[in-house]
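Position one of the sequence shown corresponds to residue 5 (this note's numbering), numbered consecutively onward. A virtual CB, placed ideally from N, CA and C, is assigned to each residue, including glycine. On a predicted model such as this, the values are computed, not experimentally measured, just so you know.
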Amino acid sequence: MKKILVVTAALALGVTGCADSSDSSPPPATGPHLYESDLANTVALAIKRGTSDEDMLEQLGVVAQRHGLSDWETREKTYVGIGAGLRKASVPDSRAQEIAEFVSAGDPARRALVMKEFTDSAGP
Numbered sequence: 005m006k007k008i009l010v011v012t013a014a015l016a017l018g019v020t021g022c023a024d025s026s027d028s029s030p031p032p033a034t035g036p037h038l039y040e041s042d043l044a045n046t047v048a049l050a051i052k053r054g055t056s057d058e059d060m061l062e063q064l065g066v067v068a069q070r071h072g073l074s075d076w077e078t079r080e081k082t083y084v085g086i087g088a089g090l091r092k093a094s095v096p097d098s099r100a101q102e103i104a105e106f107v108s109a110g111d112p113a114r115r116a117l118v119m120k121e122f123t124d125s126a127g128p
């Protein structure tokens, strides 16, 4: 199980064994659902580790950068991925609502996207 979590974290953060530390440019995004999946894995792992909401948000920014996104806070897929991660981590509804409020910065449409994906059992 520990090995799976390490691999999941590495994939979510875009870490590879052959990365050149001097290259700070993010790799291109590959596939429409990979970004959402990476966000979901990052959120689930952050929840399981007890990461603060602020640190989790920072980690999500890193994931977005690795996918070449600088405007990630404006993308619906960001909030869908966060909701999927909350569902994957099996957080209580009240905690999901707190996190949705925090990551959406109070924006009702973004908060709704997180909560819709959190409650949608047919998601990723």
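Rounded separation between Ser108 and Thr82 - CA only: 10 Å
So, for Asp57: in the same chain, excluding its five sequence neighbours on each side, which residues have a beta-carbon less than 7 Å away from its beta-carbon? Ile103, Phe106
Please classify Arg114: does DSSP put it in a helix, a strand, or coil? helix
So what's Thr78 in DSSP terms, helix, strand or just coil? helix
Range covered by the alpha helix (DSSP H) that runs through Thr46: 38-53
Measuring CB to CB, does Ala93 end up less than 8 Å from Lys52? yes
Contact set for Val133: own chain, Cβ-Cβ below 6 Å, skip 5 residues either direction: Lying before the first or after the last residue shown, residue 133 is absent from the chain, which here runs from 5 to 128.
Measure the CB-CB distance between Gly89 and Thr46 and report whether it falls below 8 Å. yes
Once the 5 residues before and after Ala100 are set aside, which same chain residues still bring their CB inside 6 Å of it? Leu90, Phe122
Compare the C-alpha of Leu64 against each of Ser98, Asp42, Lys120 and name the closest. Asp42
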